[in-house]
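J.: The opening residue of the sequence shown carries number 88 in my numbering; numbering runs sequentially from there. Let me give you the structure first, and then I'll get to my questions.
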Amino acid sequence: MWNKTQPLLRGFMPLVALLLVEVSVAQRAPDNVLIYKGAEDKYQPCEPSIAVSPKNPMLMVAGSILDNVHVSNDGGYTWKTERLTSKFGVFGDPCIVGSPKGDFYYLHLSNPDGQAWSSEALLDRIVVQRARRKGKRWNKGAGMGLNGSKDQDKEWSAVSIDGSTLLTCWTQFDLYGSPLETDQSVILCSTSNRRAKKWSEPIRVNAIAGDCADGDLTVEGAVPDIALDGTMYVAWAHADTIWMDRSGDGGETWLEKDLRVTEIKGGWDQTIRGVGRANGMPVTRVDRSSGPHQGRIYVNWTDDRNGPDDNDVWLVYSDDKGKTWTDPIRVNDDPAGAQQFFTWMDVDDVTGHVHIVFYDRRDAMKKYPDVRMKPAWNTEVYVASSYDGGVSWENLKVSRKSFRPDPQLFFGDYNNISAYDGVVRPIWTRNDGGILGVWTAILDGYVD
């Protein structure tokens, strides 16, 4: 197992010195590392995704809008950034997946003729590119979901514990942004082997279609996972409800009737002051460790059930393959009244520990209780960790400095976090004077 205390404790130390080191670690904020800083152009970096390699946890790959790939070989202390290219184009929604075989997969949206929103070809398929070694030498990509003029959007992917199977799910729009009642959105899923070159015919998994307005009545937030026994799960949001489907035969067939997970009170399309748009879409992960909660399914989201301007981070879990669920568990441990948003979750495949990253405004609300004041929008980054299967949570502020989003500046739709064998790396976007940057925190010695 990777020893996360190794950078702090070298050789033999007296017990008193050891205790002093542990106390000092607990009191100071984690190191923050700038991965990449943008410029004043159309597409600044945001919507970051990160994967810690299960084969070598010191190797990490991240992605950010529009076509950035970031690689670290030293546990996240230093990064090298390159631009990803594909024969199908690269147009954001980056999703990075690390395989136990050592492969990395970069999923994104398509822009085949390079004309972006001026072309009807934009979003014609979901694209996946594979790097076989150390996040380098990405292939030119394979596509899935090509279906005439329909738009393929908001994808996410998962890899099986042995690295042999990939599952990708996303939203298909008849026409993205259409107000027409005749235009629908559905959740599609497709599978492939390790090579990720040929993908199965996409299967619709949701029973009730949504609209195409990219709002509460649209079906979105499909984040899948694959359990140890190969069972595939995916949950999504529609209006004020999170639904789930599962497959027990490798994605060939899915349940006829969707499983109701829980309610997103107020809907998934949420209002966060100072942010142009925000969502509370669900994230799904399965415990694949050998620990006591093996097979437990977790679903994480945000909503404002406690009142306007009081978004909180929530979690439910199931031990019977999604048939029944716990009552919602509040993850953030601050008093009521502050906004938490842009949540993401990972479950460590070795330890079974659950880690959730989110933006947090508890400190700002203490100083500026009037949410109409811009200083009340000052934002920090927190990571909450659970060591008992999601029952209780320890909150840790991981950002060393607050920032304030600009509602006129596109800030993306999500952050991300990756955990493997005790190595936990969150990734987030922050605004500094109109320039966006993508950051991580070194959590060795802070969380397990």
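Note that CB positions come from ideal geometry on N, CA and C, so glycine has one too. All figures in this text were calculated on a predicted structure; none of them were measured in a lab.
#1: What residues in its chain sit with their C-beta under 7 Å from that of Ile295, if we drop five residues either side in the sequence?
#2: Excluding the 5 residues flanking Val214 on each side, which residues of the same chain have their C-beta closer than 6 Å to its C-beta?
#3: Taking Trp257 and Gly232 to be in contact with their CB atoms under 8 Å, please state how far apart those CB atoms are, rounded to whole angstroms.
#4: Note down the Cα distance separating Lys221 from Val458, rounded to an integer number of angstroms.
#5: Classify Gln202: buried if its beta carbon has 16 or more other beta carbons within 10 angstroms, exposed otherwise.
#6: Give every residue of the same chain whose Cβ lies closer than 6 Å to the Cβ of Pro462, excluding the five residues on either side of it in the sequence, and list them in chain order.
#7: Roughly how many whole angstroms lie between the Cα atoms of Lys241 and Arg219?
#8: Note down, in chain order, each residue of its chain lying with its Cβ closer than 6 Å to the Cβ of Met432, except the 5 sequence neighbours on either side.
#9: I'd like to know whether the C-beta atoms of Gly409 and Leu346 end up nearer to each other than 7 Å.
#10: To the nearest angstrom, report how far apart Asp246 and Asp154 are at their CA atoms.
#11: Which word fits Pro379, buried or exposed, when buried means at least 16 other C-beta atoms lie within 10 angstroms of its C-beta?
#12: Can you give me the C-alpha to C-alpha distance between Val184 and Asp421, rounded to a whole angstrom?
#13: Out of Arg487, Gln271, Ala149, Gly179, which has the shortest C-alpha to C-alpha gap to Trp166?
#14: What does a CB cutoff of less than 7 Å around Gly125 pick up in its chain, not counting 5 residues either side in sequence?
#15: May I ask you to verify whether the segment 248–263 touches the segment 300–314, counting CB pairs closer than 8 Å and requiring at least 3?
#16: Is the Cβ-Cβ distance between Thr305 and Gly317 less than 7 Å?
#17: Would Phe428 and Ala365 be called neighbours here (beta carbons separated by less than 7 Å)?
#18: When the Cα atoms are used, what is the spatial distance from Val418 to Ser472?
#19: Please identify the residue among Val158, Gly162, Gly163 whose C-alpha is closest to the C-alpha of Leu171.
#20: Quick one: Cα of Ser136 to Cα of Val441, how far?
#21: Who are the near neighbours of Ala425 in its chain, counting only those whose CB is closer than 6 Å to its CB and skipping five residues on each side?
#22: Just mark Ala506 as buried or exposed, buried being the case when its beta carbon has 16 or more other beta carbons within 10 Å.
#23: Looking at Asp327: is its Cβ nearer than 7 Å to the Cβ of Gly354?
#24: If I follow the unbroken alpha helix (DSSP H) through Trp450, where does it start and stop?
#25: By the DSSP assignment, the beta strand (DSSP E) with Asn482 in it spans what residues?
#26: Look at the alpha carbon of Asp261 and the alpha carbon of Gln239, and state the distance between them as a whole number of angstroms.
#27: If you run the structure through DSSP and keep just helix, strand and coil, what is Leu275?
#28: Take Asp414 and list the residues in its own chain whose beta-carbon comes closer than 8 Å to its own, dropping the five residues that flank it on each side.
#29: Could you name each continuous beta strand (DSSP E) segment of 3 residues or more that falls completely within the segment 406–476, going from the start of the chain to the end?
#30: Check whether the Cβ atoms of Tyr533 and Pro117 sit closer than 7 Å, and answer yes or no.
T.: Working from what's here:
#1: To locate residue 295, count along the sequence shown from 1; it is residue 208. Counting only Cβ-Cβ distances below 7 Å, and skipping sequence neighbours, we find His325.
#2: Against the sequence shown, residue 214 aligns to sequence position 127. Excluding sequence neighbours, Val214 sits near Ser173, Phe175, His195, Ser197, Gly228, Gly230.
#3: Within the sequence shown, residue 257 is the residue found at index 170, counting from 1. Within the sequence shown, residue 232 is the residue found at index 145, counting from 1. That belief holds up - the Cβ atoms of Trp257 and Gly232 are roughly 7 Å apart, short of 8 Å.
#4: Stepping through the sequence shown from its first residue, residue 221 is reached at position 134. Stepping through the sequence shown from its first residue, residue 458 is reached at position 371. C-alpha separation (whole angstroms): 45 Å.
#5: Mapped onto the sequence shown, residue 202 falls at position 115. Flag for Gln202 reads exposed.
#6: As a working mapping, residue 462 is identified with position 375 in the sequence shown. Closer than 6 Å at the Cβ level, and outside the excluded window around Pro462, lie Tyr455.
#7: For the purposes of this step, residue 241 is taken as residue 154 along the sequence shown, with counting starting at 1. For the purposes of this step, residue 219 is taken as residue 132 along the sequence shown, with counting starting at 1. The alpha-carbon atoms of Lys241 and Arg219 are separated by roughly 25 Å.
#8: Within the sequence shown, residue 432 is the residue found at index 345, counting from 1. Hits under 6 Å: Val370, Arg372, Asn387, Ile443.
#9: In the sequence shown, the residue the question calls residue 409 occupies position 322. In the sequence shown, the residue the question calls residue 346 occupies position 259. Against a cut-off of 7 Å, the Cβ pair of Leu346 and Gly409 comes out as a contact.
#10: Along the sequence shown, read from residue 1 onward, the residue named residue 246 stands at position 159. Along the sequence shown, read from residue 1 onward, the residue named residue 154 stands at position 67. The amino acid at residue 246 is misidentified as Asp; the sequence shows Val. Computed Cα separation, rounded: 22 Å.
#11: By one-based count along the sequence shown, residue 379 stands at place 292. Under this definition Pro379 is an exposed residue.
#12: Against the sequence shown, residue 184 aligns to sequence position 97. Against the sequence shown, residue 421 aligns to sequence position 334. So the alpha carbons of these two residues sit roughly 32 Å apart.
#13: For the purposes of this step, residue 166 is taken as the residue at position 79 of the sequence shown. Among Arg487, Gln271, Ala149, Gly179, the Cα nearest to that of Trp166 belongs to Ala149.
#14: Stepping through the sequence shown from its first residue, residue 125 is reached at position 38. Same-chain partners within the cutoff: Gln131, Pro132, Ile522, Leu523, Gly524.
#15: yes
#16: Your numbering for residue 305 matches position 218 in the sequence shown. Your numbering for residue 317 matches position 230 in the sequence shown. Against a cut-off of 7 Å, the Cβ pair of Gly317 and Thr305 comes out as no contact.
#17: Within the sequence shown, residue 428 is the residue found at index 341, counting from 1. Within the sequence shown, residue 365 is the residue found at index 278, counting from 1. Taking 7 Å as the Cβ cut-off, Phe428 and Ala365 qualify as a contacting pair.
#18: For the purposes of this step, residue 418 is taken as the residue at position 331 of the sequence shown. For the purposes of this step, residue 472 is taken as the residue at position 385 of the sequence shown. When rounded, the distance between both Cα atoms is 9 Å.
#19: Here residue 171 is taken as the residue at index 84 of the sequence shown, counted from 1. Leu171 has its Cα closest to that of Val158, out of Val158, Gly162, Gly163.
#20: Counted from its first residue, the sequence shown places residue 136 at position 49. Counted from its first residue, the sequence shown places residue 441 at position 354. Ser136 and Val441: Cα-Cα distance of roughly 17 Å.
#21: What you label residue 425 is simply residue 338 of the sequence shown in a count that begins at 1. Same-chain partners within the cutoff: Arg448, Arg449, Met452.
#22: Your numbering for residue 506 matches position 419 in the sequence shown. Buried, by the Cβ-count rule.
#23: One-based indexing of the sequence shown puts residue 327 at position 240. One-based indexing of the sequence shown puts residue 354 at position 267. Yes, these two residues count as a Cβ contact at 7 Å.
#24: Residue mapping note: residue 450 aligns to position 363 of the sequence shown, counting from 1. The sequence given here has Asp at residue 450, not Trp. Looking at the DSSP string, the run of the alpha helix (DSSP H) that includes Asp450 is 449–454.
#25: As a working note, residue 482 is residue 395 in the sequence shown. Counting along the chain, the beta strand (DSSP E) containing Asn482 begins and ends at 481–484.
#26: Residue mapping note: residue 261 aligns to position 174 of the sequence shown, counting from 1. Residue mapping note: residue 239 aligns to position 152 of the sequence shown, counting from 1. Cα to Cα, the separation comes out at about 9 Å.
#27: To locate residue 275, count along the sequence shown from 1; it is residue 188. It is a strand residue.
#28: Stepping through the sequence shown from its first residue, residue 414 is reached at position 327. Here the set comprises Val403.
#29: 427–434, 441–447, 467–473
#30: In the sequence shown, the residue the question calls residue 533 occupies position 446. In the sequence shown, the residue the question calls residue 117 occupies position 30. Yes, these two residues count as a Cβ contact at 7 Å.
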